[in-house]
Amino acid sequence: MSSNVGFSLTMQRRGLPIAYMLSLGNMLKFDLHDAIHTFARQDRVTALGLYVETMPDPKAFQEAVNVARELAKPIVVIKTGRSEAGRKMVVSHTASLAGSDSLVSALYERLGVARVDSLEALMEALKVLHVLGPLNGGRIGAMSTSGGDLTLLADAMGPHLTMPPLSEKVTQRLRATVHERVVAANPFDYQMFNWDDEDHMADKFTAFLSEEFDLSLCLLDYPREDICDQSSWGGAERGFVRAAHRTGTKAAVLATFSDTMTESVAARLMKEGVALLAGIDTGLAGIQAAVDVGAAWSRPPSPLLLTSFGQRRTGPVKMLDEIESKDLLARCGVPVPPAKVVHDAREATAAADALGYPVAVKALGIAHKTEARGGQNRSLQRRRGGSGGNGDVAPLRILFDRRDG
Numbered sequence: 003m004s005s006n007v008g009f010s011l012t013m014q015r016r017g018l019p020i021a022y023m024l025s026l027g028n029m030l031k032f033d034l035h036d037a038i039h040t041f042a043r044q045d046r047v048t049a050l051g052l053y054v055e056t057m058p059d060p061k062a063f064q065e066a067v068n069v070a071r072e073l074a075k076p077i078v079v080i081k082t083g084r085s086e087a088g089r090k091m092v093v094s095h096t097a098s099l100a101g102s103d104s105l106v107s108a109l110y111e112r113l114g115v116a117r118v119d120s121l122e123a124l125m126e127a128l129k130v131l132h133v134l135g136p137l138n139g140g141r142i143g144a145m146s147t148s149g150g151d152l153t154l155l156a157d158a159m160g161p162h163l164t165m166p167p168l169s170e171k172v173t174q175r176l177r178a179t180v181h182e183r184v185v186a187a188n189p190f191d192y193q194m195f196n197w198d199d200e201d202h203m204a205d206k207f208t209a210f211l212s213e214e215f216d217l218s219l220c221l222l223d224y225p226r227e228d229i230c231d232q233s234s235w236g237g238a239e240r241g242f243v244r245a246a247h248r249t250g251t252k253a254a255v256l257a258t259f260s261d262t263m264t265e266s267v268a269a270r271l272m273k274e275g276v277a278l279l280a281g282i283d284t285g286l287a288g289i290q291a292a293v294d295v296g297a298a299w300s301r302p303p304s305p306l307l308l309t310s311f312g313q314r315r316t317g318p319v320k321m322l323d324e325i326e327s328k329d330l331l332a333r334c335g336v337p338v339p340p341a342k343v344v345h346d347a348r349e350a351t352a353a354a355d356a357l358g359y360p361v362a363v364k365a366l367g368i369a370h371k372t373e374a375r376g377g378q379n380r381s382l383q384r385r386r387g388g389s390g391g392n393g394d395v396a397p398l399r400i401l402f403d404r405r406d407g
């Protein structure tokens with residue numbers, strides 16, 4: 003982690019408890035995977051947040067991530083260098099390469115590491131994981147006194163977070179607890195009827211949360227402590243906490259602005275097993291990260307990315323030709339173009355007709371095809387729809403020819 007970014011992180015006032023903060027510097031003796039191994043084993047640590055500029059050893063990283071998963075310690079990462087300017091800054095800052103952003107994202111997804119795009123989202127994700135752990139899905143139950151807040155929330159949700167409609171059973175149960183002008187629905191605009199009646203708030207929240215959402219959100223923006231009386235918010239907050247306990251629902255209070263939450267409220271809710279999230283966009287990004295981890299952990303761990311080439315091997319080394327290499331990749335789940343080995347022109351014509359035009363012809367069985375003019379990817383096309391027509395051309399296929407050039 004960048005030292006200055008780390009220092010700033012320790013100064014945040016978003017209610018995130020930080021057990022340790024480590025900046026790895028030039029990583030000569032202690033690398034990223036070493037840090038994961040070390041801190042995942044600490045009892046005080048519930049989740050790990052990483053600020054990553056480069057990925058020098060993906061295999062060691064995967065092994066460390068698997069250890070953290072075995073210890074039930076989820077990982078969230080913000081990876082810099084997504085833009086061209088960012089990649090240049092990584093080189094000038096650390097003398098290392100940021101790497102392909104798409105490849106890094108694919109690696110994180112494969113390993114079950116949640117990725118976020120901002121430091122604020124990193125903090126919100128860590129709060130969700132610290133208090134609630136990974137989420138089993140993105141079915142959200144949301145409630146507020148304001149239809150405007152709920153509209154903003156709905157617009158900010160991505161494709162993997164949803165607010166499903168209430169079942170008929172829950173709808174009828176909720177209608178029995180609310181004012182006649184309140185609509186029983188998800189999202190739930192409960193307005194301010196009986197706002198300071200904790201028992202009544204607990205009853206209607208319990209009815210709503212009985213839908214068994216993956217996560218329940220109560221949007222509350224607290225007044226400023228320095229100039230306002232916060233006591234009138236207590237009934238709604240305590241009613242929500244009681245409802246979450248009654249139903250066993252994972253729950254979070256969401257402030258639409260980070261300015262309207264305080265560390266004292268966050269600490270109070272955290273003791274009750276409820277997370278306090280700051281800001282709609284960043285709060286939802288944190289929730290999505292917990293959903294991503296939950297989805298990844300529902301699957302078996304991925305096979306190791308690479309075999310170890312560090313050990314001394316004995317015996318002859320076999321060089322794979324192109325078709326053997328692609329067969330190996332296909333068995334590992336890597337998409338490769340269809341191909342066919344042929345031995346003469348007649349077989350080549352039949353194979354090309356079967357594969358579909360255009361095709362590329364390559365020599366096979368030569369380590370350095372360029373010198374033998376066997377690796378020029380010569381493309382052959384056959385028109386469809388009759389001679390002289392401009393019929394459609396099939397997608398590119400690869401055709402191998404065993405002739406020596």
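Be aware that the sequence shown starts at 3, since it is given in my numbering, and climbs by one per residue. Here a beta-carbon is modelled for each residue, glycine too, at the ideal position from N, C-alpha and C.
How would you call N379, buried or exposed, if buried means at least 16 neighbouring beta carbons within 10 angstroms? Since pLDDT at N379 reaches only 47, below the 50 mark, its modelled position is unreliable, and the value read off the structure follows with that caveat. It counts as exposed.
CA-to-CA distance, P340 to S104, given in whole angstroms: In a straight line, the C-alpha of S104 is about 25 Å away from that of P340.
Would you say the stretch 243-250 touches the stretch 277-288, given that touching needs at least three Cβ pairs under 8 Å? no
Who are the near neighbours of S260 in its chain, counting only those whose CB is closer than 8 Å to its CB and skipping five residues on each side? R16, E122, A280, G281 and T284
Check whether the stretch 197-213 touches the stretch 322-336, taking contact to mean three or more Cβ pairs, one atom from each stretch, closer than 8 Å. no
Need the endpoints of the beta strand (DSSP E) that A62 sits in, please. Here A62 belongs to no beta strand (DSSP E); instead the alpha helix (DSSP H) covers P60 to E72.
What's the gap between the Cα of S212 and the Cα of V361? 59 Å
When the Cβ atoms of the stretch 65-81 are set against those of the stretch 137-155, are three or more pairs found closer than 8 Å? Touching, no, given that fewer than three Cβ pairs across the two stretches are closer than 8 Å.
Proximity below 9 Å, CB of R112 to CB of L307: yes
Just to confirm my understanding: we take T173, look at its own chain, exclude 5 residues before and 5 after, and list those with CB closer than 7 Å. What are they? Closer than 7 Å at Cβ, skipping near neighbours: A186.
Quick test of your reading: T147 and Y192, contact by CB under 8 Å. State the CB separation rounded to the nearest angstrom. 6 Å
Flag this pair as touching only if the stretch 128-139 and the stretch 289-305 have three or more C-beta atom pairs under 8 Å; answer yes or no. A contact between stretches requires three or more CB pairs, one per stretch, nearer than 8 Å, and the stretch 128-139 meets this requirement with the stretch 289-305.
8 Å contact criterion, which S215 and F190 should meet: CB distance rounded: Before going further, note that residue 215 is Phe rather than Ser in the sequence given. Not a contact, Cβ separation roughly 11 Å.
Can you give the Cα-Cα distance for V78 and L256, rounded to whole angstroms? 20 Å
Which residues DSSP lists as bridging T191, in chain order: The amino acid at residue 191 is misidentified as Thr; the sequence shows Asp. Per DSSP, S146.
Quick check on this structure: which residue in K342, S25, T82 and A268 has the alpha carbon closest to the alpha carbon of A356? K342
How many angstroms separate the CA atom of F207 from the CA atom of D45? 34 Å
Range of the contiguous beta strand (DSSP E) that encloses Y53: L50 to V54
In chain order, what residues of the same chain lie with their CB nearer than 6 Å to the CB of V293, ignoring the 5 residues before and after it? L137 and G140
What's the C-alpha gap between L168 and D198? 25 Å
So which of Q290, A347 and R175 has the shortest CA-CA distance to P161? Q290
Where does V336 fall in DSSP's three states? coil
Is K320 helix, strand or coil when you go by DSSP? coil
DSSP bridge partner residues for S266 (one or two, in chain order): Answer is none; S266 lacks a bridge partner.
Can Q193 be considered in contact with the ligand FAD, in the sense that its beta carbon sits closer than 8 Å to one or more heavy atoms? Inclusion of the ligand FAD in the displayed structure is not the case, the ligand content being empty and no account of it being possible.
Reduced DSSP category for S234 - H, G, I as helix; E, B as strand; rest coil: helix
Measuring only the C-alpha atoms, how far is R2 from P318? The structure shown has nothing for residue 2, since the chain only spans 3 to 407.
Beta carbon of V106 nearer than 9 Å to that of A254: Going by C-beta atoms, V106 is not nearer than 9 Å to A254.
Measuring CA to CA, which of L128, E55 and D323 is closest to S5? Out of L128, E55 and D323, E55 has the C-alpha closest to the C-alpha of S5.
Runs of alpha helix (DSSP H) wholly within the stretch 111-162 (minimum 4 residues, chain order): 121-133 and 149-158
Between G390 and the rest of its own chain, which residues show a CB-CB distance below 7 Å, the 5 nearest in sequence each way excluded? Confidence in G390 is poor, its pLDDT being 37 and thus under 50, which makes the residue's placement too unreliable to answer from.
Can you name, in chain order, every residue of its own chain whose Cβ lies under 8 Å from the Cβ of H181, other than the five neighbours on each side? Q193, F195 and N196
Give me the Cα-Cα distance between L11 and Y22, rounded to the nearest whole angstrom. Spanning the two alpha carbons is a distance of roughly 11 Å.
For Q14, I'd like the list of residues in its chain whose CB is within less than 7 Å of its CB, leaving aside the five on either flank, ordered along the chain. M125
For D329 and A350, the rounded distance between their alpha carbons: 20 Å
Under DSSP, the alpha helix (DSSP H) around K81 begins and ends at which residues? Unbroken run through K81 is the beta strand (DSSP E), I77 to K81; no alpha helix (DSSP H).
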